[in-house]
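Trainee: Per my numbering, the very first residue in the sequence shown carries number 963; after that it's consecutive. Glycine is no exception: its CB is placed at the ideal position from the N, C-alpha and C atoms. Being a predicted model, the structure only gives us computed values, none of them experimental.
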Amino acid sequence: MNETGRSLRPHQAPAPLPPSPRPTGRRTGRPAVRLAPAERLALVTAAVLFASGLFHLGVFAVAGGPWNGPVSWRKPATFGLSFGLTLAALTWVTSYVRTGARTRAALLVLLAADSVLEVAGITLQAWRRVPSHLDMETPFDSAVSMALAAGGALLVVILTRFAVAAFRAKPSGPAGMALAVRAGFAVLLVALAAGAAMIARGVVLTRTGHQSAAYASTAPLKPLHGVGLHAVLVLPALAWLLARTRLDAARRVRIVAAATGCYLLAVVVTAVWAALSY
963 MNETGRSLRP HQAPAPLPPS PRPTGRRTGR PAVRLAPAER LALVTAAVLF ASGLFHLGVF
1023 AVAGGPWNGP VSWRKPATFG LSFGLTLAAL TWVTSYVRTG ARTRAALLVL LAADSVLEVA
1083 GITLQAWRRV PSHLDMETPF DSAVSMALAA GGALLVVILT RFAVAAFRAK PSGPAGMALA
1143 VRAGFAVLLV ALAAGAAMIA RGVVLTRTGH QSAAYASTAP LKPLHGVGLH AVLVLPALAW
1203 LLARTRLDAA RRVRIVAAAT GCYLLAVVVT AVWAALSY
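(1) Would you check if the segment 1109-1123 and the segment 1172-1179 touch, i.e. whether three or more CB-CB distances between them fall below 8 Å?
(2) With distances taken from CA atoms, which of Gly1083, Leu1227 and Gly1027 is nearest leucine 1110?
(3) Can you list, in chain order, the residues of its chain whose CB lies under 6 Å from that of proline 1136, leaving out five sequence neighbours each side?
(4) Counting only the same chain and skipping the five closest in sequence on each side, list residues whose C-beta sits under 6 Å from that of arginine 1036.
(5) What three-state label does DSSP hand tryptophan 1035 in the structure shown?
(6) Decide if the segment 1087-1095 is in contact with the segment 1053-1072; the criterion is three or more beta carbon pairs, one per stretch, under 8 Å apart.
(7) When the cut-off is 8 Å and only beta carbons count, does tryptophan 1202 lie next to chain C?
(8) Secondary structure at alanine 1162, three-state DSSP: helix, strand or coil?
(9) Give me the Cα-Cα distance between alanine 1236 and leucine 1151, rounded to the nearest whole angstrom.
(10) Using three-state DSSP, classify histidine 1187 as helix, strand or coil.
(11) Nearest CA to the CA of alanine 1127: which residue from Ile1161, Ala1075, Gly1062 and Leu1167?
(12) Could you have a look at alanine 1137 and say whether DSSP puts it in helix, strand or coil?
(13) Mind checking whether valine 1218 and alanine 1153 have CB atoms under 8 Å apart?
(14) Quick check on valine 1006: buried or exposed, where buried means 16 or more other Cβ atoms within 10 Å of its Cβ?
(15) Can you tell me which of the three DSSP states glutamate 1080 falls into?
(16) Taking the straight line between their C-alpha atoms, what separation do you get for glycine 987 and leucine 1209?
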């Protein structure tokens, strides 16, 4: 007898309950992506840094002043936007890189903390109306400059670790993503090398009493640094977008390869310009 008073036949069993549906996105119907705590932290940090950059663009619009030079509202604006965008991009892109979950989480937390250090130091000095980099005028300014340099060195270590992992094992993802991720990290390392060269030469000039020349020495390498910094977002984003078209895999790979070639050409052009202007 069942709860309704009806008899069940010997071979008849109650129908099994349907499986609980997985949570899905509101529009796509696909399973919702659950972010790990380190990913959430990195993305929230990226949003805060990006908002800081937008805020300082507003400050520049109201307060005015020079756009170029060692003391400018340009620096907290562009660094906030750039670090926020790069941190968010790397949080996403490294999900295709084959690293251990704990290793990736630790690197993302370090990357987020380092990004905050860099943007906070630059923003602090902008509000104090003094240069953020290569400024050794007072002990406090020297401490800020050295902290920013140390943060830059840590940034190189973290991103090199991700780049090595990307080349050690083929990244996952749709057609063209492996090429895009590897090329993005390779160009990113070039951008980091340009940034390290700017700091190194500027420190030498500062230590030898050529402060004005130290600030001017960074100009030739800035285009190379800026162009190379965002390849790790642009190329994987292209591969991701192409995966949502009806193009076959072979054609998508060719498009990503062509875009990679164009990006590398832009890097070579800015590198040659930097060498001629250095």
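Mentor: By the coordinates alone:
(1) Flag = no, the segment 1172-1179 and the segment 1109-1123 do not touch.
(2) Translated into the one-based positions of the sequence shown, residue 1110 becomes position 148. Per the Cα distances, Gly1083.
(3) Taking the sequence shown and counting its residues from 1, one reaches residue 1136 at position 174. Closer than 6 Å at Cβ, skipping near neighbours: Ala1205.
(4) Translated into positions along the sequence shown, residue 1036 becomes position 74. Cβ contact annotation for arginine 1036 (same chain, cutoff 6 Å, sequence separation greater than five): Trp1029, in chain order.
(5) Numbered from 1 along the sequence shown, position 73 holds the residue referred to as residue 1035. Looking at tryptophan 1035 - three-state DSSP - the assignment turns out to be coil, as it is neither helix nor strand.
(6) No, because fewer than three Cβ pairs between the segment 1087-1095 and the segment 1053-1072 fall closer than 8 Å, the two stretches do not touch.
(7) Checking the listed chains, one finds no chain C in this structure; it contains a single protein chain.
(8) Residue 1162 sits at position 200 when you count from the first residue of the sequence shown. Here alanine 1162 sits in helix by DSSP.
(9) By one-based count along the sequence shown, residue 1236 stands at place 274. By one-based count along the sequence shown, residue 1151 stands at place 189. Between alanine 1236 and leucine 1151, the C-alpha separation is close to 16 Å.
(10) Position 225 of the sequence shown, counted from the first residue, corresponds to residue 1187. Shown here, histidine 1187 sits in a helix according to DSSP, grouped into three states.
(11) Start at 1 with the first residue of the sequence shown, and residue 1127 comes out as number 165. Ranked by Cα distance from alanine 1127, the options Ile1161, Ala1075, Gly1062 and Leu1167 are led by Gly1062.
(12) As a position in the sequence shown, residue 1137 is number 175, starting the count at 1. Three-state result, alanine 1137: coil.
(13) Here residue 1218 refers to the residue found at position 256 of the sequence shown. Here residue 1153 refers to the residue found at position 191 of the sequence shown. No.
(14) For this step, residue 1006 is matched to residue 44 along the sequence shown. Burial call: exposed.
(15) Numbered from 1 along the sequence shown, position 118 holds the residue referred to as residue 1080. Of the three classes helix, strand and coil, the one that applies to glutamate 1080 here is helix, per DSSP.
(16) Looking up residue 987 in the sequence shown gives position 25. Looking up residue 1209 in the sequence shown gives position 247. A caution first: glycine 987 carries a pLDDT of 44, below 50, which makes its placement in the model unreliable, though a value can still be read off. Approximately 25 Å between the Cα atoms of the pair.
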